[in-house]
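This report refers to the structure that appears directly beneath it.
Residue numbers (my numbering): 98 to 487.
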């Protein structure tokens, strides 16, 4: 697995967890396209939203037009690209991870990842998050059908940079980063993209399972829950997948990565709480609030490097130094790591099976109203743990 090289690429703004998890914007754009085609046709030339969704529709159409059946690619031993031995091994891994997700885990795979699309560029989309400097309320963008999201993706990279700069001038922190994969939540038969195929084998399996989790459970206007749930399913599902393949070394590597992501999730949560407390001490005074939060970020950077970094097994400390701590970056990271321990607690209480945990979480969420995280907490509070084996 060449762990040293893999580890050197992890975390920071271009690290593997973000490459595989920041597939948000295309998901939003593609689903919005499917549910609001009539609106797009009317408004495309007249409104910024119409132009945005029209561009997303055009890009999605190009992706779909390039689809090639993965089974046919693998059956064609001397045909068109991708034909390298490494590409073929990765495509075969996708086929097997998808089958495992649908069979062993019970995810709704549909026809997702049965085809492959080669893109014209190395970066699929740029994703923008923003938050005012004096509040922890994320800026949200509204999209037809799917509702509000705390991020927006751009196929036009120049427009992404211009939007980010305009928001910075308007008093916002901004966080702009690339994404390599996406899900349309079952609206289309999502192809595997060339940007995703380049991931290492552990990340590739995780990504496939993560995206199929979105097909299986998606709660409207609950982005943090949806992404954190999919992060759990991708991580735990990939561990089970490699265990089933008789690859214990790969499974243990993924266990270490998931442990690190939970540690970072706890750090993001503690930082969020500290900033919130600092803001509460200065109600109504924007200048004082910004100064107070900058003090918190400075202190928490010390905690990150002194206390958290030495405990991480798959993330080199020097890469953490490049992470910018501000409201936009903090809240964007929190989306993917909101209480990951909660899903693990349900997983352990449910018997340690990803399939059973997915079914249980889906049932608890659908039978309740309000915050889906609270539904899991209530279940944990009223369910006795299984006694440990003697």
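All residues carry an ideal CB built from backbone N, CA and C; glycine is no exception.
When the Cα of residue i is compared with those of the options, which residue comes out closest?
| i | options | result |
| --- | --- | --- |
| residue 197 | 260, 341, 236 and 406 | 341 |
| residue 449 | 468, 330, 362 and 368 | 330 |
| residue 312 | 171, 216, 327 and 271 | 327 |
| residue 358 | 410, 299, 149 and 162 | 410 |
| residue 246 | 367, 348, 226 and 478 | 226 |
| residue 238 | 260, 231 and 402 | 260 |
| residue 233 | 344, 208, 145 and 426 | 426 |
| residue 271 | 314, 297, 235 and 441 | 235 |
| residue 288 | 181, 387 and 216 | 216 |
| residue 186 | 354, 296 and 431 | 296 |
| residue 254 | 269, 248, 274 and 266 | 274 |
| residue 430 | 390, 379, 468 and 322 | 322 |
| residue 149 | 314, 412, 249 and 476 | 249 |
| residue 367 | 393, 264 and 292 | 393 |
| residue 314 | 263, 412, 469 and 414 | 469 |
| residue 412 | 354, 319 and 420 | 354 |
| residue 320 | 475, 244 and 383 | 244 |
| residue 195 | 266, 163, 307 and 164 | 307 |
| residue 159 | 262, 290, 356 and 403 | 290 |
For residue i versus residue j, is the C-beta distance shorter than 8 angstroms?
| i | j | result |
| --- | --- | --- |
| residue 316 | residue 462 | yes |
| residue 446 | residue 480 | yes |
| residue 408 | residue 360 | yes |
| residue 223 | residue 251 | yes |
| residue 362 | residue 437 | yes |
| residue 336 | residue 324 | no |
| residue 376 | residue 405 | no |
| residue 276 | residue 221 | yes |
| residue 286 | residue 189 | no |
| residue 424 | residue 230 | yes |
| residue 439 | residue 401 | no |
| residue 299 | residue 350 | yes |
| residue 228 | residue 428 | yes |
| residue 371 | residue 379 | no |
Run through DSSP, which three-state label would residue i get?
| i | result |
| --- | --- |
| residue 222 | strand |
| residue 240 | strand |
| residue 251 | strand |
| residue 187 | helix |
| residue 413 | coil |
| residue 467 | coil |
| residue 461 | helix |
| residue 232 | coil |
| residue 480 | coil |
| residue 210 | coil |
| residue 378 | coil |
| residue 314 | coil |
| residue 260 | helix |
| residue 368 | helix |
| residue 293 | helix |
| residue 216 | coil |
| residue 454 | helix |
| residue 245 | strand |
| residue 435 | coil |
| residue 205 | coil |
| residue 273 | strand |
| residue 473 | helix |
| residue 321 | helix |
| residue 227 | strand |
| residue 353 | helix |
Just the Cα atoms here: how many angstroms apart are residue i and residue j?
| i | j | result |
| --- | --- | --- |
| residue 399 | residue 418 | 10 angstroms |
| residue 170 | residue 302 | 19 angstroms |
| residue 161 | residue 396 | 47 angstroms |
| residue 471 | residue 460 | 13 angstroms |
| residue 478 | residue 465 | 15 angstroms |
| residue 214 | residue 434 | 29 angstroms |
| residue 210 | residue 369 | 36 angstroms |
| residue 183 | residue 387 | 49 angstroms |
| residue 166 | residue 432 | 33 angstroms |
| residue 144 | residue 153 | 14 angstroms |
| residue 139 | residue 151 | Reliability fails at residue 139, whose pLDDT of 49 lies under 50, so the model's placement of it is uncertain and no value is given. |
| residue 332 | residue 339 | 11 angstroms |
| residue 264 | residue 181 | 44 angstroms |
| residue 147 | residue 374 | 40 angstroms |
| residue 293 | residue 344 | 22 angstroms |
| residue 168 | residue 192 | 8 angstroms |
| residue 346 | residue 441 | 21 angstroms |
| residue 268 | residue 257 | 17 angstroms |
| residue 444 | residue 414 | 30 angstroms |
| residue 119 | residue 420 | Low per-residue confidence applies at residue 119: pLDDT is 46, beneath 50, and the placement is therefore not dependable, though the value from the model is reported in the following sentence. Each residue's Cα considered, the two are about 16 angstroms apart. |
| residue 348 | residue 383 | 48 angstroms |
Do three or more CB pairs link the segment 451–468 to the segment 200–218 at distances below 8 angstroms?
Contact holds: three or more Cβ-Cβ distances are below 8 angstroms.
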